[in-house]
Structure formats: structure tokens, C-alpha cells
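First comes the structure, then the notes that go with it.
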């Protein structure tokens, strides 16, 4: 079976035929037609400027207000969020210091709500509502494909091509709002790119005594709403994407999280404070299972668990846990082992923890970056690819764990 057919069959087993058909339509229509062809064509022909992080900071100083987040004197260099297959591992990727975060108040703004894409009063796209600076073009195409998919595509196309210096009369008007809408409805993107924005929101609240609403997707999944409530941002603060456009008197825009050490550490400490975690126990040895995922399952998981149990590991299917249970589990983690996947973003809540990530042919720097930012020990094990799954060399895994534990 091909990768696509294998994943479709697994999705069918888990969620039924309707889920497979909806996912197939999304791939064919939004991701293929709209993202690859329609959105790039519209963006190549529009007269609307696109503000990246640097130009947005300058714009905000001139036309709005901007507050800088205090940063640490020494900040770790991290690799770009990328993939590599070289023997040099993550050392082969470009390393740079994370951007210094800030938050802005954009007056008389507009939101294309389906994707959380913000525009200034003079019609410029605000890149930081959807993307960090280095991947802005790709993410802007994704955002526009979402808006085209969720609203009238002809009207959206005309709006994209026509730059209007005054706000449209379409859609409701709100006083102040910050968009938390992720481009991908995924636990990783929500945690790393939406929840970390709340640091900027908190700074804005202190500076202005204004509590902006938080824009969420329509019918957000329970892990979105639960995480917000746990962090102290309850339902009275939420509004959901409904209208095609939304007029905003004060659009609150944190610089898009790359993320930075300040954002990661703020999120961890906020979670600890809200849950009453004073001193993490560091007594949990966690194996993150992907047995319910459509790809990157461990083909010899029973053998892997036999090895891990010798070291006191317990296997967890994180989708069966509440957000609170996941935070508490990872806050008390000594060692975390698991294949690359969204569940490993919970290491953002860990401290004094060792992470061992399992890869196939390609290494992805996503969680190595989080480990660097949070001061965690990190290692990885490249495994044999078996189609879309992985086969772990248990002897090598045992040796790696022995070295980590003895260090």
C-alpha cells in the first residue's frame, strides 16, 4: 500500500468513512488547488504590502504602540525549524539567536477571521498574526487558502487583489482582540504558536489595563479550551471565528512565537503557578506511544516496551489524557522517549528532563529546539523506516539510555 492509502485506511479504522472523505476533500481542494495555485496567484498580483516582523515593528512604532518583552542577557542559539538527513545531525542546520519578542497595538485593524490573518487600517497584511519571519511566504499562502476555503472564494479573491485604505463595513466590530487561531488544527501548533502568544497578551494587559478578547476557531476542540482555562483565560475572554471579516479597534499582535526562551519559560511557569506545581518531582519515565496515529507508529513497540520497562518506563497514549494530566505528567518527567510527533510538545512543561526522540530517515529539529530553549538534555535515535512506520534497534536504545542514566 502507498503511504497515502495506508494513512487513509488507518483513519477509516479510527474515525469512519466520513472522516476519510472530508480529509481527502481538504487535500484535493484546499491543500492542492487553493494552496498551490490559487493563493500564490492572488498574492503575486495584489498591491497589498506584507509586513514581516522587522517592518511590522517599525510600522507599529510609527502608527500604533509597541512594548518589548524583557529578555535574558545570554540566549541560546537554536537551529532553524527544518529537516536534515546528514550525519552531522542538527549541527548541519543554520543556528541563530531566537528573535526578541514584543507585542503591538494596531488601531483600526481588520481580521480575516478563518485564518486569524490581520490587516492594518491601510490594508497591509500583518505577517506576525500567522507566521514567524523566515517562513512568511509559505504561511501566507496557507492562510489565504484557509480563508478561500472557509468563505466566499470570489469575494475573498477580490478582497485580496483590491487594497483598501479604509476599513470595510463587512463583519462585526470588536474593541480589542488577539487571534489565537492556528493555521493547523494540531496540538503542537496550538501549544507552541498560540498559547505562547499569551505572554504578549499578559504584557499588553499590564501596560494598558485592557483585557482583549481571544479569537479561537469555530467549535474549538476540548484541548484548546481546557488549556486556556488552566492558564487562567476563561470562556468570558473567548470569541470564535464566524464572520468572513472582523473589524477591530485595537488588534493585539504579539510577535509570532518562533518560539523564544522567554515565551517557553513563561508558558511553563504560568502552568506551574496555575496548577500549584512548586517543585517538579522528576520521577516519571515516559514512553509516548503513537499506536493510534496514522503514521510514525513503532512497528516493534512490544519489543521497545520490554526494553524500556527494564528502566522503569510507562507507556502513555497522550490523546487519552486531559491537558491537565499531560502537563502534570511532563512536569514530573525524568526521561521522555518517543517518536517524532505532536505529543512531544509537552516537553515545554518539563524541567531537568532528558528527551530521546525516535526518527526514521529524516531528522526534524522541532523538539530539539524546545529542549534547547528549556534547558533540557536531548538525544535522538535514528531508526529503520518500515513504510510510514519505524523499527527501533532495541539494543541501541538500551545503550543510549544506559549512557544517559549513568551521565
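In the working numbering, the protein residues as written are 1 to 407.
No residue lacks a Cβ here, since even glycine has one placed at the ideal position from N, Cα and C.
Predicted model, so just to flag it, every value in this text is computed and none were measured.
Can you list, in chain order, the residues of its chain with a C-beta nearer than 8 Å to that of residue i? Leave out the 5 residues immediately preceding and following it.
i: residue 239; result: 174, 177, 213, 214, 215 and 216
i: residue 192; result: 257, 259, 345, 348 and 370
i: residue 160; result: 42, 43, 46, 48 and 144
i: residue 209; result: none
i: residue 87; result: none
Can you check which of these residues, the options, is closest to residue i by C-alpha distance?
i: residue 371; options: 237, 364 and 348; result: 348
i: residue 162; options: 45, 331, 336 and 266; result: 45
i: residue 329; options: 339, 313 and 340; result: 313
i: residue 334; options: 346, 350 and 321; result: 350
i: residue 454; options: 339, 301 and 76; result: In the structure as shown, the chain begins at 1 and stops at 407. Residue 454 is therefore absent and cannot be evaluated.
i: residue 56; options: 115, 47, 125 and 96; result: 125
i: residue 249; options: 152, 296 and 109; result: 109
i: residue 318; options: 346, 302 and 295; result: 346
i: residue 292; options: 315, 255 and 211; result: 315
i: residue 219; options: 252, 232, 233 and 181; result: 181
i: residue 59; options: 382, 40, 105 and 307; result: 105
i: residue 184; options: 140, 50, 102 and 244; result: 140
i: residue 354; options: 405, 206 and 207; result: 405
i: residue 288; options: 343, 320 and 254; result: 343
i: residue 242; options: 39, 393 and 151; result: 151
i: residue 403; options: 309, 326 and 377; result: 377
i: residue 408; options: 207, 202 and 255; result: Absent from the structure is residue 408, since the part of the chain shown begins at 1 and ends at 407.
i: residue 36; options: 130, 54, 49 and 138; result: 138
i: residue 91; options: 368, 279 and 374; result: 368
i: residue 63; options: 121, 133, 95 and 32; result: 121
i: residue 274; options: 236, 307, 308 and 324; result: 324
i: residue 379; options: 401, 363, 356 and 394; result: 356
i: residue 50; options: 277, 129, 30 and 102; result: 129
i: residue 267; options: 304, 290, 227 and 244; result: 227
i: residue 102; options: 54, 136 and 322; result: 54
i: residue 352; options: 375, 363 and 359; result: 375
i: residue 187; options: 384, 363, 297 and 326; result: 326
Start and end of the alpha helix (DSSP H) containing residue i?
i: residue 119; result: First-last for residue 119: 117 to 119, but that is the beta strand (DSSP E), not the alpha helix (DSSP H).
i: residue 405; result: 394 to 406
i: residue 204; result: 198 to 208
i: residue 215; result: Counting along the chain, residue 215 falls outside any alpha helix (DSSP H), though it belongs to the beta strand (DSSP E) covering 213 to 216.
i: residue 222; result: 222 to 230
i: residue 44; result: 39 to 45
Over what stretch of residues does the beta strand (DSSP E) that includes residue i continue unbroken?
i: residue 303; result: Element bounds for residue 303: not the beta strand (DSSP E) but the alpha helix (DSSP H), 301 to 309.
i: residue 184; result: Run containing residue 184: none; DSSP gives neither H nor E here.
i: residue 333; result: 333 to 339
i: residue 444; result: One cannot answer for residue 444 here, as it falls past the ends of the chain, which runs 1 to 407.
i: residue 418; result: No statement about residue 418 is possible, as the shown extent of the chain runs from 1 to 407 and does not include it.
i: residue 314; result: 314 to 316
Kindly list the residues whose CB is nearer than 7 Å to the CB of residue i, restricted to its own chain and excluding five residues on each side of it in sequence; keep chain order.
i: residue 299; result: 386, 389, 390 and 391
i: residue 71; result: 100 and 262
i: residue 93; result: 79, 80, 82, 84 and 365
i: residue 65; result: 104 and 105
i: residue 34; result: 145, 148 and 149
i: residue 75; result: 97, 98 and 261
i: residue 400; result: 356, 379 and 381
If you drop the 5 nearest sequence neighbours on each side, which residues of the same chain put their C-beta closer than 6 Å to that of residue i?
i: residue 251; result: 106, 109 and 118
i: residue 166; result: Confidence in residue 166 is poor, its pLDDT being 44 and thus under 50, which makes the residue's placement unreliable; the coordinate value appears in the next sentence. For residue 166, where only same-chain residues beyond five positions count, there are no Cβ hits under 6 Å.
i: residue 131; result: 139 and 256
i: residue 40; result: 141
i: residue 95; result: 77 and 79
i: residue 277; result: 331
i: residue 308; result: 287
i: residue 133; result: 52 and 53
i: residue 189; result: 182
Three or more C-beta pairs below 8 Å linking the stretch 222 to 233 and the stretch 280 to 289: Taking a cut-off of 8 Å for Cβ pairs, the stretch 222 to 233 and the stretch 280 to 289 do not touch, as fewer than three such pairs fall below it.
Ordered list of alpha helix (DSSP H) runs contained in the stretch 235 to 297, each at least 4 residues: Within the stretch 235 to 297, the runs of alpha helix (DSSP H) that reach at least 4 residues and sit entirely inside it are, in chain order, 261 to 275.
Can you give, in chain order, each stretch of the beta strand (DSSP E) that sits fully within the stretch 93 to 142 and has at least 3 residues? Within the stretch 93 to 142, complete beta strand (DSSP E) segments of at least 3 residues are found at 102 to 112 and 117 to 119, given in chain order.
Ignoring anything shorter than 3 residues or poking outside the stretch 339 to 392, list the beta strand (DSSP E) runs there in chain order. Those beta strand (DSSP E) runs which fall completely within the stretch 339 to 392 and span 3+ residues are 354 to 359, 377 to 382, 384 to 386 and 389 to 391.
Contact between the stretch 188 to 206 and the stretch 74 to 86: three or more CB pairs below 8 Å? Put simply, the stretch 188 to 206 does not touch the stretch 74 to 86. Fewer than three CB pairs are less than 8 Å apart.
Decide if the stretch 105 to 123 is in contact with the stretch 138 to 154; the criterion is three or more beta carbon pairs, one per stretch, under 8 Å apart. The stretch 105 to 123 is in contact with the stretch 138 to 154.
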